[in-house]
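Here's the structure, in structure tokens; my notes come after.
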Amino acid sequence: MAKRFNIRMAGVGGQGVVTGSHILSTAVINAGGESTIVPFYGSEKRMAPVESYVRVSDEPIYEIGEITFPHIIIIFHPQVITHGKSYTMPFYFGLKEDGIALINNDGPMKLHKDQARELEERRAKLYYIPATKISLEVSGMDLATNMALMGCIGAITGLTNMEALEQAVKDRFLGKGFVVSGGTAALDSVVERKFKKKQELIEKNVAVMRAAWNYAVDKGWAAKDVQRAEAPAAAAAV
Amino acid sequence: MSETEVKTNPQGDPITSVAAPPSAAKKDPHAEAKRQKVVTPEYMFLEAPRTKEFITGSEAAKEAVRRSNVDLAIAYPITPQSETMQLVGVLYGEGYVKEYYRGEEEVGVMAAIAGGSRSGVRCYTATAGPGTLRGLEGIASWPGHRLPVVAMFTCRVVNAPLAIQPDNIEVSYLLNCGMIVFHAENQQDMFDFTMAGFTISEKNDVTLPVGVCCDGFFVTHARGYVRMQDRGIKLPPREAWRGAVPVLDAENPPARLSRDAPVQKSNFMAYNIHAVWQQEVWAAVERSRKYINKYMGGLLTAENVEGAEAIIIASGSAAAQSREAVRLCKEKGLNVGLIKVRSLRPFPTQELRQLCGKAKLIVVPEFNYVGWLAKEVATAIYGFSKAKIIGGPRVYGGQSMPVELIVDEVESGLTGKKSTNVAMSQIMGGAVNPDDVAHFMRSI
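Chains as they are written, first to last, in the working numbering: chain A, 1 to 238; chain B, 1001 to 1444.
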């Protein structure tokens, strides 16, 4: 049976939802799997709703378009839930039974009682990860929140590995890039100025990913056979 | 001009830039195109080695045009469209297409394409959604004028409330024109159907336009793997003398362009001529079957149909969604087959009668409101199959069809569980009660 996850990511403009989904998709392909992405957003501005649909599998994917019934949803920003900043309302609409909701928040959120009941009825697994906090602690800024979530989901699906994720980050920021739009390109240059050089940007991003990967493993969320990823010893010297 | 005179641009600003030094060896932008070698269609489609690339549907159409020896392409790039005609413009710059221009709107484009084809050259254009309907007056007259053309229709919403997303209801308008109509599932189909379209449309016993449809955006703007022949080879040029009607001679119009010029006064002979002419157009559509079989490998593809509990019949993007539905059904222990209809005109009537003879359940998912494919299927197999036909699920206005909806219909069709997504009026045949059938007949 094919290992297959349809992932719906919801966040707000500027968080790198589309960039994150592209990196996950590339990382799954780098690890020998199959993946497609469908970004979905309106006007490009900070804090406006953004969704991205990622399909990952170990077999060919023929399906096209938006994902209505996801196995996994990733909530990049608590405001997706609290302010309804999403194209999909409520945020778990269509989540399959026994599905996973990976939510970026420092600890469990207090959900409306109807929402909590509906999530319970479909036996949803609610995984809260302090992705922004991990990003701040590891890289010194919050802009790697998407990297934390991608590292975490990489471990949960078990369809990629840290080497493939690291390669995907390099593909994204070194030449073979995938730039969605002018807005994304402008944000790229802001991100780049915050670091002395691109190499540092990549290392910090990968470090955030690795921390979140290990967070998932430590929490017992990771797929069977997925191990903690230790930082390569040589990297510290660079 | 004296030496002291300052050069200005048309707005009067001084030109201060320094002209680029003339390059020593001026590179011929058409050099690569000039080196292209003509090969037979048989070699091109059946033998030539191919390499795989990851490209968009628009790029796939462009690559097909590159290898198709196209003489004339006319663009009208309205929104919603695809990048296809823009990319064909690049081919013109590179010398792969001999003539290219932008029309003023679709009525003009389709009329000009008719003129181009009638004068004996190989023509290509692409449009979408509202553009298709605007151009439809011209398009509907192409088959009667026996004009070989390949036109791409990247379907978009045409009904209100307006949207620019994919919805293939416009295909239903094209089905009645007398042209050949293919429906592409993915980028590979866009490439293959376009190239085969040129070859088939120009066969003497066909001499008809070919429409290559796809569900826009899903196919045109997304990337997929496409296996392509080397770009150094191309199809033979159009040989217009092989056509069913002579090319245009402005002094002596050879094809009967107007029924009773100039007064349009009708009599029995005029009606008779019109009938014979249209019969011949549709007979030509029938005669294209052998070429579709030869160059495209059939009007449909069938997978896992023998012994299946249910068969999904789909075309275009619905076929892509159905492949996943078949996989999900397998995981649930349901043995489901898939028939993908590639050619809508001619329609694979005989093939479906043979494949569906023993079927108990047929599900026809579609990306439009009216369910034109379900009606085609029901008409084709009527009397040859006792299958219950579920004409759905359907999505409209550009929604992606959730694969789960198709699985639901298969499950409910097999278990008798009431379907929540498909109206009773869309369910035909099988062990349904007469009231339901009557309801269906009223609603069809």
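All residues carry an ideal CB built from backbone N, CA and C; glycine is no exception.
Just so it is clear, the structure is predicted and the values come from calculations on it, not from any experiment.
Query: Spatial neighbours of A2/A within its chain, please: C-beta separation below 7 Å, excluding the five flanking residues on both sides.; Result: S57, D58 and E59
Query: A2/A touches chain B at which residues, Cβ-Cβ below 9 Å?; Result: R1327 and E1331
Query: So what's Q1446/B in DSSP terms, helix, strand or just coil?; Result: There is simply no residue 1446/B to check, as chain B begins at 1001 and stops at 1444 in what is shown.
Query: Closest Cβ-Cβ distance between G33/A and chain B: below 7 Å?; Result: no
Query: Look up M141/A in the DSSP assignment and say whether it is helix, strand or coil.; Result: coil
Query: I believe A222/A touches G158/A by the beta-carbon criterion, under 8 Å. Please report the beta-carbon distance rounded to the nearest angstrom.; Result: 7 Å
Query: Taking the continuous beta strand (DSSP E) assigned at S104/A, which residues delimit it?; Result: A small fix is needed here, since residue 104/A is Asn in this sequence, not Ser. First-last of the beta strand (DSSP E) with N104/A: I100 to N104.
Query: So N6/A is in the beta strand (DSSP E); what residue range does that whole segment cover?; Result: R4 to V12
Query: Ends of the alpha helix (DSSP H) at R1327/B?; Result: S1317 to E1331
Query: Do you know whose CA, among E121/A, D171/A and K204/A, lies nearest T19/A's CA?; Result: D171/A
Query: If you reduce the DSSP assignment to three classes, tell me which class Q1229/B lands in.; Result: strand
Query: Sorted by chain position, which residues of the same chain lie with C-beta nearer than 6 Å to F5/A's C-beta, five sequence neighbours on each side aside?; Result: V56, H71, I72 and T157
Query: Mind checking K113/A: buried by the 16 CB within 10 Å criterion, or exposed?; Result: exposed
Query: Considering only C-alpha positions, which residue in the set G1115/B, R1118/B and V1097/B is nearest to H1030/B?; Result: V1097/B
Query: In its own chain, which residues sit with a C-beta less than 6 Å from the C-beta of F1045/B, not counting the 5 before and 5 after it?; Result: Y1295
Query: Are L95/A and A48/A touching if we call contact CB-CB under 7 Å?; Result: no
Query: Tell me I1292/B's beta-bridge partners as DSSP assigns them.; Result: Bridge partners of I1292/B: none, in fact.
Query: If you compare alpha carbons, which of V1336/B, I1362/B and G1316/B is closest to R1342/B?; Result: G1316/B
Query: Residues of the region 61-82 of chain A in Cβ contact with chain C at a cutoff of 7 Å, in chain order, please.; Result: Any reference to chain C falls outside this structure, whose protein chains are A and B.
Query: Strictly by DSSP, which residues pair up with F1347/B?; Result: F1347/B pairs with nothing; no bridge assigned.
Query: Rounded to whole angstroms, what's the CA-CA distance from L1361/B to E1411/B? Just pull it up for me.; Result: 10 Å
Query: Could one say the Cβ of Q1321/B lies closer than 7 Å to chain A's Cβ atoms, at least one of them?; Result: yes
Query: Applying a beta-carbon distance threshold of less than 7 Å, which residues of chain A neighbour V1403/B?; Result: E63
Query: Going by the DSSP bridge assignment, what does Y1053/B pair with across the sheet?; Result: Looking at the sequence itself, residue 1053/B is Glu, so the reference to Tyr does not match. Note: E1053/B sits in a beta bridge opposite V1226/B.
Query: Tell me L1072/B's beta-bridge partners as DSSP assigns them.; Result: E1099/B and C1123/B
Query: In chain order, what residues of the same chain lie with their CB nearer than 7 Å to the CB of G1093/B, ignoring the 5 residues before and after it?; Result: P1029
Query: Cα separation between K1417/B and T1084/B?; Result: 45 Å
Query: Taking 7 Å as the CB-CB cut-off, is E1324/B touching chain A?; Result: yes
Query: Can you name the residues that DSSP bridges to G1115/B?; Result: Looking at the DSSP assignment, G1115/B forms no beta bridge with any residue, so it has no partner.
Query: Give the range of the beta strand (DSSP E) segment to which S1201/B is assigned.; Result: Unbroken run through S1201/B is the alpha helix (DSSP H), Q1187 to S1201; no beta strand (DSSP E).
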